[in-house]
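**Student:**
Numbering (the numbering used here), first residue to last: 854 to 1012.
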């Protein structure tokens, strides 16, 4: 019949006890350490993904702000050019107006000076004519009457 060897039973029993003890004191702590390390790695990966998404968000905000700043810069430059153009036109218009005023004033002044010169020349001519007539006639009396007659003559001749 079958003979059972006690050595075989003790060996099997020892193997079972050893397997139980190894499972309890070796495999469970090793599995716990592996799970802990896996959790730490997963957490680090999640943090890296969060940091990457935050960096992408900051980058997109930066690019948006940069685009807005460029647009604002373009608008400011455009407005400055427009303002400068308007200012240029205003200054040129003012200069043209002043030039016209100066020209008109100069023309008026020239007309006045011409009239003064003509009056002065008429007086000088009247005096010369009076002196010549006085020498010819030899009379110095009625000098005031002669002047008024010559002035009247020149006025009628000037018309």
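Built from N, CA and C at the ideal position, the CB exists for glycine as well.
For clarity, every value in this text was computed on a predicted model and none was experimentally measured.
Going by beta carbon distance, what residues of the same chain come within less than 7 Å of residue 938, once the five residues before and after it are set aside?
**Tutor:** In the chain shown, the residue the question calls residue 938 occupies position 85. Contacts found: none.
**Student:** Using DSSP with H/G/I as helix, E/B as strand and the rest coil, what is residue 864?
**Tutor:** For the purposes of this step, residue 864 is taken as the residue at position 11 of the chain shown. Note: residue 864 maps to helix in three-state DSSP.
**Student:** Can you look up residue 984 in the DSSP assignment and give me helix, strand or coil?
**Tutor:** Position 131 of the chain shown, counting from 1, holds the residue named residue 984. It is helical.
**Student:** Nearest-angstrom Cα distance between residue 971 and residue 959?
**Tutor:** Mapped onto the chain shown, residue 971 falls at position 118. Mapped onto the chain shown, residue 959 falls at position 106. Rounded to the nearest angstrom, the two C-alpha atoms are 18 Å apart.
**Student:** Could you check whether residue 1004 and residue 979 sit closer than 8 Å to each other, using their CB atoms as the reference points?
**Tutor:** Taking the chain shown and counting its residues from 1, the one referred to as residue 979 is at position 126. Taking the chain shown and counting its residues from 1, the one referred to as residue 1004 is at position 151. Against a cut-off of 8 Å, the Cβ pair of residue 1004 and residue 979 comes out as a contact.
**Student:** Grouping DSSP H, G and I as helix and E and B as strand, with all else coil, what is residue 857?
**Tutor:** Numbered from 1 along the chain shown, position 4 holds the residue referred to as residue 857. DSSP places residue 857 in coil when its eight states are reduced to three.
**Student:** In angstroms, rounded to a whole number, what distance separates the CA positions of residue 865 and residue 906?
**Tutor:** Your numbering for residue 865 matches position 12 in the chain shown. Your numbering for residue 906 matches position 53 in the chain shown. Those two C-alpha atoms are separated by around 57 Å.
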